[in-house]
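Protein chains in written order, with this note's numbering: chain A, 45 to 293; chain B, -4 to 192.
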Amino acid sequence: MQYQVKLDIFEGPLDLLLYLIKKNEVDIYDIPIALITGQYLEYLDLMRELNLDVAGEFLVMASTLIKIKSQTLLPPIEGEGEGADEADPRAELMEHLLEYQRYKEAAHQLVTRELLEKDIFTRPQTDEPGENKGEEGVLIEASLFDLVDALRKVIERKDLPANFMGVAVEKITVRDKIIAILQQLKETQQIVFQSLFDPLVTKHEIIVAFLAVLELMRLRAIRVFQIQPYGEIRIVALANEVPLEDISS
Amino acid sequence: MEEDSRVEQTDPGKERLKCIIECLIFASDIPLTVERIKQVLEDLQPRHIRELVEELIEDYRTSPRGIYIREVAHGFQYCTRPEFAPLVQQLRKSKPYHLTQPTLETLAIIAYKQPVTKAEIEVVRGVDCTGVVKSLMDKKLVAIQGRKEVIGRPFLYGTTPKFLEVFGLETLASLPTIEEIKQLNDTAIPAAEEDTP
Chain A
45 MQYQVKLDIF EGPLDLLLYL IKKNEVDIYD IPIALITGQY LEYLDLMREL
95 NLDVAGEFLV MASTLIKIKS QTLLPPIEGE GEGADEADPR AELMEHLLEY
145 QRYKEAAHQL VTRELLEKDI FTRPQTDEPG ENKGEEGVLI EASLFDLVDA
195 LRKVIERKDL PANFMGVAVE KITVRDKIIA ILQQLKETQQ IVFQSLFDPL
245 VTKHEIIVAF LAVLELMRLR AIRVFQIQPY GEIRIVALAN EVPLEDISS
Chain B
-4 MEEDSRVEQT DPGKERLKCI IECLIFASDI PLTVERIKQV LEDLQPRHIR
46 ELVEELIEDY RTSPRGIYIR EVAHGFQYCT RPEFAPLVQQ LRKSKPYHLT
96 QPTLETLAII AYKQPVTKAE IEVVRGVDCT GVVKSLMDKK LVAIQGRKEV
146 IGRPFLYGTT PKFLEVFGLE TLASLPTIEE IKQLNDTAIP AAEEDTP
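Okay, here's the thing in structure tokens:
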């Protein structure tokens, strides 16, 4: 069995290049392209020998370097206008490296600031809706009865065929559904309970979705509430992690 | 109650207004803006509100307190003094924002170039950025701000108010300019190997 390791130190080819420039203490404005290209290729070989996953971007950069190197070896073309300054084949790469380096420095400036939840703390923010949404008042936790009632309405509205049990359905698991709901919450912050069931067509799917909601409530990963008694039921995510590996499919 | 509605120069009225603003900042979930304060204290001019907040900030600054009011993300917010951070961390048991080097770089690119597409970020970084952009969105530091009207209509990404809050920036203009960064860069090539976990 082969293992592929992604080396994080050189996230991309530009990181490797900057590293080599720094290591050789050469001037970024005047990169000795033959030297750097040689070392770059050595690194690629080494990474491959170690069975590290060499991303395609590294190979693209390798070919760019080789191209620049060959261009620098060619004699300058004479007679092309009076401007004796032939465009430096390294210019584009240099610009790119400089720009990348600027953003690296900008990133460095960011982390040296006083960071929230590290250096500075504020009052814990509640993730409850209400603020900014113009919905006032106390949120009412939906009871199991509210949920069952809502589920009953869903099934009624669906008007499912009587022989639904006989249809072979692709088995979607509670675990799959939990993942799907969490994903949806991540994207939309809030889900209307009933809307969870809108795309579902079989009773099996509906039951699985319902069980997923119950499981998430049990794990305190979501909060199910109403704005008014007997009102629309909504779901929001709570901060708790879901131990997905513990959930039997 | 009627005296509240007038802007008074006398101290008792002013102190009371400061107390009200103090309450509002305390009770707010997010950094409280002057406009939001004005919605409560309708008769006050924004300029006047700002003066009162600044006095309040000064009051906290000059008295021996563990908390202070900081100006961040276009608003005002109570926060703990950095020197006590280790102790508050013990209470909170919170995980500080863990941002890897690639994530931070991507965040910096988005912060400076916004609104920016993923492809544009990838040009600068020279690698695929799908994972890091997603992780920044999960952390709510970055959000989709629209689509670029080019072929494929790719999403445009930008930073959120949460970004300003996490990094203690009043506005985006509080970031050092890219020109200033350039000068930093010219004087010293930043260490590429540090901050690697």
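For every residue, glycine included, the Cβ atom is placed at its ideal position computed from N, Cα and C.
Self-check item: Coil, strand or helix - T95(B) by DSSP
Solution: Within the second sequence, the letter at position 100 stands for residue 95(B). The answer is coil: DSSP assigns T95(B) none of H, G, I, E or B.
Practice problem: With V121(B) as the anchor, note down where its alpha helix (DSSP H) starts and where it stops. | Solution: The residue labelled residue 121(B) in the question sits at position 126 within the second sequence. Checking the sequence, you will find Gly at residue 121(B) rather than Val. Element bounds for G121(B): n/a, residue is neither H nor E.
Quiz item: Can you name the residues that DSSP bridges to R267(A)?
Solution: Your numbering for residue 267(A) matches position 223 in the first sequence. R267(A) pairs with V280(A).
Quiz item: Do you know how far the Cα of V137(B) is from the Cα of L131(B)?
Solution: Position 136 of the second sequence, counted from the start, is the residue given in the question as residue 131(B). Position 142 of the second sequence, counted from the start, is the residue given in the question as residue 137(B). The straight-line gap from Cα to Cα measures roughly 6 Å.
Quiz item: Within 8 Å (strictly less), CB to CB, does F254(A) reach chain B?
Solution: Within the first sequence, residue 254(A) is the residue found at index 210, counting from 1. It does not; no Cβ of chain B falls within 8 Å.
Quiz item: Buried or exposed: F71(B), going by 16 or more other Cβ atoms within 10 Å of its Cβ?
Solution: Walking along the second sequence from the start, residue 71(B) turns up at place 76. By the 10 Å Cβ count, F71(B) comes out buried.
Quiz item: Cβ of K134(B) within 8 Å of Cβ of T125(B)?
Solution: Taking the second sequence and counting its residues from 1, one reaches residue 134(B) at position 139. Taking the second sequence and counting its residues from 1, one reaches residue 125(B) at position 130. Contact flag unset, no.
Quiz item: If the cut is a Cβ gap below 9 Å, which residues of chain B does E249(A) touch?
Solution: Residue 249(A) sits at position 205 when you count from the first residue of the first sequence. Within 9 Å Cβ-Cβ: nothing; E249(A) doesn't reach chain B, min ~27 Å.
Practice problem: Could you please give the first and the last residue of the uninterrupted beta strand (DSSP E) stretch that includes R65(B)? | Solution: Here residue 65(B) is taken as the residue at index 70 of the second sequence, counted from 1. Note, R65(B): beta strand (DSSP E), 62 to 67.
Exercise. Could you tell me which chain B residues have their CB closer than 7 Å to the CB of D163(A), listed as they occur along the chain?
Key: On the first sequence, residue 163(A) is found 119 positions in, with the first residue counted as 1. What D163(A) touches in chain B: P77, A80.
Quiz prompt | Pairwise C-alpha distance: R219(A) and L288(A) | solution = In the first sequence, residue 288(A) corresponds to position 244, counting from 1. In the first sequence, residue 219(A) corresponds to position 175, counting from 1. A straight-line Cα-Cα distance of about 7 Å links L288(A) and R219(A).
Exercise. Tell me whether G163(B) is buried or exposed, calling it buried when 16 or more other Cβ atoms sit within 10 Å of its Cβ.
Key: Locating residue 163(B) in the second sequence gives position 168, counting from the first residue. A buried status is given to G163(B), since no fewer than 16 other beta-carbon atoms sit within 10 Å of its beta-carbon.
Self-check item: Beta-carbon contacts of P76(A) that lie in its chain and below 8 Å, excluding the five residues immediately before and after
Solution: As a working mapping, residue 76(A) is identified with position 32 in the first sequence. Taken in chain order, the residues that qualify are N68, V70.
Quiz item: Do three or more CB pairs link the segment 93 to 112 of chain B to the segment 58 to 72 of chain B at distances below 8 Å?
Solution: No, because fewer than three Cβ pairs between the segment 93 to 112 of chain B and the segment 58 to 72 of chain B fall closer than 8 Å, the two stretches do not touch.
Quiz item: Taking Cβ-Cβ distances shorter than 8 Å, what residues in chain A pair up with E17(B)?
Solution: Taking the first residue of the second sequence as 1, we reach residue 17(B) at position 22. The contacting residues do not exist; E17(B) stays about 14 Å from chain A at best.
Quiz item: At least one CB of chain B closer than 8 Å to the CB of E185(A): is that the case?
Solution: To locate residue 185(A), count along the first sequence from 1; it is residue 141. At a cut-off of 8 Å between beta-carbon atoms, E185(A) makes no contact with chain B.
Exercise. Determine the DSSP secondary structure at T81(A), reduced to helix, strand or coil.
Key: For this step, residue 81(A) is matched to residue 37 along the first sequence. T81(A): helix per DSSP, three-state reduction.
Quiz item: Based on Cα-Cα distance, which residue from R264(A), I216(A), F165(A) lies nearest to K247(A)?
Solution: The sequence position of residue 247(A) within the first sequence is 203, counting from 1. Minimum Cα distance to K247(A) is reached at I216(A).
Quiz item: Looking at the C-beta of I20(B), does it have a partner C-beta in chain A at a distance below 8 Å?
Solution: The residue you call residue 20(B) lines up with position 25 of the second sequence. By the rule that beta-carbons nearer than 8 Å mark a contact, I20(B) does not touch chain A.
Quiz item: For E179(A), which of helix, strand or coil comes out of DSSP?
Solution: As a first step, residue 179(A) is located in the first sequence; it is residue number 135 there, counting from the start. Note that E179(A) scores a pLDDT of 38, beneath 50, so its modelled location is shaky and nothing firm can be said.
Exercise. Residues of the segment 96 to 119 of chain B with a CB closer than 8 Å to any CB of chain A: list them in chain order, please.
Key: Q96, P97, L99, E100, L102, A103, I104, A106, Y107, V119
Quiz prompt | Of the listed residues I44(B), L19(B), A22(B), nearest to K9(B) (C-alpha basis) | solution = Position 14 of the second sequence, counted from the start, is the residue given in the question as residue 9(B). Ranking I44(B), L19(B), A22(B) by Cα distance to K9(B) puts I44(B) first.
Quiz item: At least one CB of chain B closer than 8 Å to the CB of V192(A): is that the case?
Solution: As a working mapping, residue 192(A) is identified with position 148 in the first sequence. No, because no Cβ of chain B sits closer than 8 Å to the Cβ of V192(A).
Quiz item: For A138(B), which of helix, strand or coil comes out of DSSP?
Solution: On the second sequence, residue 138(B) is found 143 positions in, with the first residue counted as 1. In this structure, A138(B) counts as strand in the three-state DSSP scheme.
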